[in-house]
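Here the sequence shown is numbered in numbering that gives the first Met the number 0, starting from 0 and rising by one per residue.
Built from N, CA and C at the ideal position, the CB exists for glycine as well.
Please read the structure below before turning to the comments.
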Amino acid sequence: MPDIAEEAGKAMTSTEVTKLDDMDAAQLKDEGNALFSAGDYSGAVKLYSKALKQCPETSTEAATLLKNRAAAYLKLGEHQKVVRDATAALEITPADVKALFRRCQAYEKLENYSDAFKDARAVNHLDPKNSAIQPILSRLNVKMQEIAKQQASTMNKVKSMFDLVLGEDTSPENRVQAANNIVALSKEKAGAELIMKESGVTKLLALMKLEKNEEISLAVIRALGELCKNNISRTYEVLKEIGVSFLVENLNSNSENYVSAVQYFIQVILNVLAGMDIRNGKKSDKKLMKENEQMIDQIMQSLVKTVSSRIMSAIGRDALLELIMKNVEYESLNWGLKLIDCEGLWNLLDVASELQEIHYESSMRITGRTLAHVSVALERIYYCMDCDKSREKFRNKMMEFINDKLSGADIENKVRATSAITALLQGPVEAGNACLAQKGVVEMMLAMASSEDELQQRVSAEAIIAAASKKDKCTAIVSMGTDILKKLYQSKNDNIKVRALVGLCKLGSSGGFDASIKMFSEGSSLKLAKACRKFLVNPKKDKDLRKWAVEGLSYLTLDGDVKEELIEDKEAVQALIELTKTGDLSVVYGSVTTLVNLTNSYDQEEVIPELVELAKFAKQHVPETHVKDAKEFVDKRVKALAESGVTVALVALAKTESKNSKELISRVFNAICEHPDLRGAVVQQGGAKVLVNLALEGTEKGKMTAAQALSRIAITMNPEVAFPGQRCAEVVRPIMALLHPECKALQNFEALMALTNLAQVSPSVRSRILKDAGLMKIEEYMYQDHEMLRRAATQCVANLMVSDDVVRLYEIPGNDRVKFLLLVSDDEDLETSKAASGALAMLTSVSRKACKKIFDVKAWLEILCKLCASADKEICHRGVAIVHNLIHASHACAEKIIETDLFQILMALTRPEVDDVPQKVKDLAQAALKKAEEWKLIKVNTGEVQEDSEDEKEEN
0 MPDIAEEAGK
10 AMTSTEVTKL
20 DDMDAAQLKD
30 EGNALFSAGD
40 YSGAVKLYSK
50 ALKQCPETST
60 EAATLLKNRA
70 AAYLKLGEHQ
80 KVVRDATAAL
90 EITPADVKAL
100 FRRCQAYEKL
110 ENYSDAFKDA
120 RAVNHLDPKN
130 SAIQPILSRL
140 NVKMQEIAKQ
150 QASTMNKVKS
160 MFDLVLGEDT
170 SPENRVQAAN
180 NIVALSKEKA
190 GAELIMKESG
200 VTKLLALMKL
210 EKNEEISLAV
220 IRALGELCKN
230 NISRTYEVLK
240 EIGVSFLVEN
250 LNSNSENYVS
260 AVQYFIQVIL
270 NVLAGMDIRN
280 GKKSDKKLMK
290 ENEQMIDQIM
300 QSLVKTVSSR
310 IMSAIGRDAL
320 LELIMKNVEY
330 ESLNWGLKLI
340 DCEGLWNLLD
350 VASELQEIHY
360 ESSMRITGRT
370 LAHVSVALER
380 IYYCMDCDKS
390 REKFRNKMME
400 FINDKLSGAD
410 IENKVRATSA
420 ITALLQGPVE
430 AGNACLAQKG
440 VVEMMLAMAS
450 SEDELQQRVS
460 AEAIIAAASK
470 KDKCTAIVSM
480 GTDILKKLYQ
490 SKNDNIKVRA
500 LVGLCKLGSS
510 GGFDASIKMF
520 SEGSSLKLAK
530 ACRKFLVNPK
540 KDKDLRKWAV
550 EGLSYLTLDG
560 DVKEELIEDK
570 EAVQALIELT
580 KTGDLSVVYG
590 SVTTLVNLTN
600 SYDQEEVIPE
610 LVELAKFAKQ
620 HVPETHVKDA
630 KEFVDKRVKA
640 LAESGVTVAL
650 VALAKTESKN
660 SKELISRVFN
670 AICEHPDLRG
680 AVVQQGGAKV
690 LVNLALEGTE
700 KGKMTAAQAL
710 SRIAITMNPE
720 VAFPGQRCAE
730 VVRPIMALLH
740 PECKALQNFE
750 ALMALTNLAQ
760 VSPSVRSRIL
770 KDAGLMKIEE
780 YMYQDHEMLR
790 RAATQCVANL
800 MVSDDVVRLY
810 EIPGNDRVKF
820 LLLVSDDEDL
830 ETSKAASGAL
840 AMLTSVSRKA
850 CKKIFDVKAW
860 LEILCKLCAS
870 ADKEICHRGV
880 AIVHNLIHAS
890 HACAEKIIET
900 DLFQILMALT
910 RPEVDDVPQK
920 VKDLAQAALK
930 KAEEWKLIKV
940 NTGEVQEDSE
950 DEKEEN
């Protein structure tokens, strides 16, 4: 069907792209208008933006393009951008009614009713005959009266609460309660504005000084955060009052609740200044970042400078590291290169070199999570380096630090240098390997491992473990370090012994998933696994030792024999689950990697038999899959883990900030959700909520994997139960991301099935599906040769057909949507035919325009006859419903039907002796004939066509 394949929404060819490059602003505007009319609002935005680059900034052409782009953004629901473009247009043409009207609509959606009301009044003044503004003006007038009443009430509350918190006679309990009430008031828009007018920030700071009470201070920090949220002008006012130093000073606390509140407050400020929302997957606004660059830099420099402060509390330092790692990436503030320029890398490596076991006057206070946080931060900074020159700059700064430590004569500096190298190997591996490549570094580490000093042994063992990353990278470590690790394993100190054990586990598993490669002798992996088990299941061992035991298992479980032995050991599995449930982020990597290995949810290359034979012929090594990694073994292991409560453990670990760990967690969730009977337990234990977050944050692979797990849940469960409230709408975006050519066909299919179910939930969910040309993305799969994809896409469209927006898209002149839907109704696949004819029946019941489009299809009569005469009762019902709708649509449509064999089929269906047709079908056929009679196209009780005069016929 070549005419259908050319439908709007397909990717542009290189010729078409070149054609656009040759267009002037006027032509681009016309093309953008055409896309807007066709419902492709994202495409229209791109063309309007391209045209704007060719226009003088203050020209009337630019004002028109800005108005048009604002209209497209309005359709896309991007209301902040509507305000921006409409405002820019009004700066050029101040009395433009369309720009005012669109900005008014956007302000109302943003709940900025005051500005919306001003714009509505301006539109009414400039164009009194504008009927569209009247209902909006009335609605906003009522809203403004409500706001006035609310503000009067809120004003009294604000004043009374501040009187209470600052009153000399107020009891401590009442003061705390009043402070918490101010937090509640600051969450309301009216309350926040009134607090600012009442010099609220000054009064809140005075309250902190007046009452040295953690609950009071916590309330003040939370109130300040709420005042800043989503409001840049208030954020600047707050920062002017409190100063940047206030932020980092208040992180220096030993209270986790208080530090978390301050950390959240700082993140809110950065989000507002950069126009981003990390938690909800909203990337930074480059233009806004540029405008606020000076303040952003001031805050980030303060964080980076303070991270290595000797007076900072341990949990405060962790909070600083989390803020750095969250905001340094290119998707957020892209601050990596600036961090290196302001000596921030040196400060981070200084923290990485710290050891809890070394205590001296200038030691930093750190937690068990600090070094893991540093590794993640270093990794994110390194991957901000977007060219060889910047990566070289990173490595040069890094080597300056390492060489500075190694140049010292005392062993303490060498220990600290080794600790920093370990952090680099656990973060940006490429940079860590560059350190190992320095002359004498590996030899120094091995010499430390051979010493009698337990601290040196422990630090060097951790470095050897981190260095032995891959088979081709760890040849030197294997050749020189295996004997040393074996010697360390004989230590009476469990801290040394368990680290040596992990080193041996890692070296022994360096063959990866290839069952044919054995670094050690046969059976060694099982012996090492038993040694790890002793540490894992022994309740007398501290958590740190059990954490190392799990890391050892994370390497050993690459072996199928170890997997099976571990899964059969219920005590060991339960110990693993219980350790994971603690949510201790230091156990994330080992625990989740072990679970990924047990569930075989790692990436596996497709084995093509022809290539295997070719490799054998060429005498190349062919990796072998372990016999115990067959599907039946994997399924048994997945179900055993699910029954042991692994979902609860994964939920606890999902708090990690490591994107790679998030991906591993997503993989395990997806492996569990592959089994329909396990999906209910995932939802009950909080897995669905976590999966939504995992689908929005992390690596691209991790986000897609989490989205696939969400799709699987949405397929077999009622979406309103699985994703209650707003979450139903939140899952749409990640699931829609699976409708991508690079995703596997199974992911496409499961996404379409999930969207089919979600489309039944509510208008808001359907609206979210349709956002950003969502219908076109779904319809593309209706063109696929793959029967299951075609069927799923058609079923999804059928469920979306109840949306008025979808109906309007099908009504647009010039597109072939109705035509294609009718052609798909004749699909060989019965279920696809049912879905397409059902969608067509719904569409023709509400749209006369769609009814007229039916007759544009050459084979319309043949297809409708086949549907109405189908032996399948459901298809017959849908076909008769379409014909019924066509006859009711207009005299002209009815006339075309009555002149064909369809009339005879309707007559036949209504006969009493036809008893194999459902009554509802008979009723529809009878109603269609009755309407034809009303149109005077047939005579009463006859099957003859009534000849009407031209003036009795309705125009088509």
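For residue i, the three-state DSSP class (helix, strand or coil)
i: Asp276; result: strand
i: Ile937; result: strand
i: Lys281; result: strand
i: Cys850; result: helix
i: Met195; result: helix
i: Tyr381; result: helix
i: Lys580; result: helix
i: Tyr72; result: helix
i: Lys469; result: Residue confidence is low: Lys469 scores 47 on pLDDT, short of 50, so the model does not pin down where it sits. No coordinate-derived value is stated.
i: His890; result: helix
i: Met800; result: coil
i: Arg309; result: coil
i: Leu525; result: helix
i: Glu699; result: helix
i: Trp345; result: helix
Environment of residue i [buried if 16+ CB atoms lie within 10 Å]
i: Arg910; result: exposed
i: Arg767; result: buried
i: Ser657; result: buried
i: Val920; result: buried
i: Cys968; result: Residue 968 is absent from the structure shown; the chain starts at 0 and stops at 955.
i: Leu745; result: exposed
i: Pro427; result: buried
i: Asn180; result: buried
i: Cys473; result: Residue confidence for Cys473 is low, a pLDDT of 49 falling below 50, so the modelled location carries little weight; the figure read from the coordinates is stated next. Burial call: buried.
i: Ile937; result: buried
i: Gln104; result: buried
i: Gly439; result: exposed
i: His890; result: buried
i: Thr831; result: buried
Length of the line joining the Cα atoms of residue i and residue j
i: Ser113; j: Ala69; result: 20 Å
i: Lys202; j: Ile357; result: 44 Å
i: Gly686; j: Thr646; result: 6 Å
i: Asp634; j: Thr598; result: 8 Å
i: Ile483; j: Leu552; result: 21 Å
i: Asn346; j: Ala430; result: 17 Å
i: Met324; j: Thr624; result: 38 Å
i: Met311; j: Glu778; result: 57 Å
i: Ala465; j: Lys282; result: 33 Å
i: Ala772; j: Cys727; result: 19 Å
i: Leu908; j: Lys935; result: 21 Å
i: Ala931; j: Ile886; result: 7 Å
i: Leu377; j: Glu453; result: 28 Å
i: Lys74; j: Lys97; result: 15 Å
i: Lys539; j: Gly582; result: 20 Å
Selection from the options that minimises the alpha carbon distance to residue i
i: Val682; options: Thr698, Gly644, Ser657, Leu695; result: Gly644
i: Leu405; options: Val441, Lys286, Leu424; result: Val441
i: Lys776; options: Leu338, Leu73, Met735, Gln455; result: Met735
i: Asp39; options: Met841, Lys770, Glu873, Thr831; result: Lys770
i: Ile904; options: His887, Ala880, Cys227, Ile231; result: Ala880
i: Leu487; options: Ser449, Lys304, Asp409, Asn173; result: Ser449
i: Leu238; options: Phe161, Asn747, Val271; result: Val271
i: Gln176; options: Leu217, Ala191, Glu187; result: Leu217
i: Phe245; options: Glu225, Asn230, Val219, Asn229; result: Val219
i: Pro812; options: Ala849, Val375, Leu663; result: Ala849
i: Pro723; options: Ala791, Met363, Val691; result: Val691
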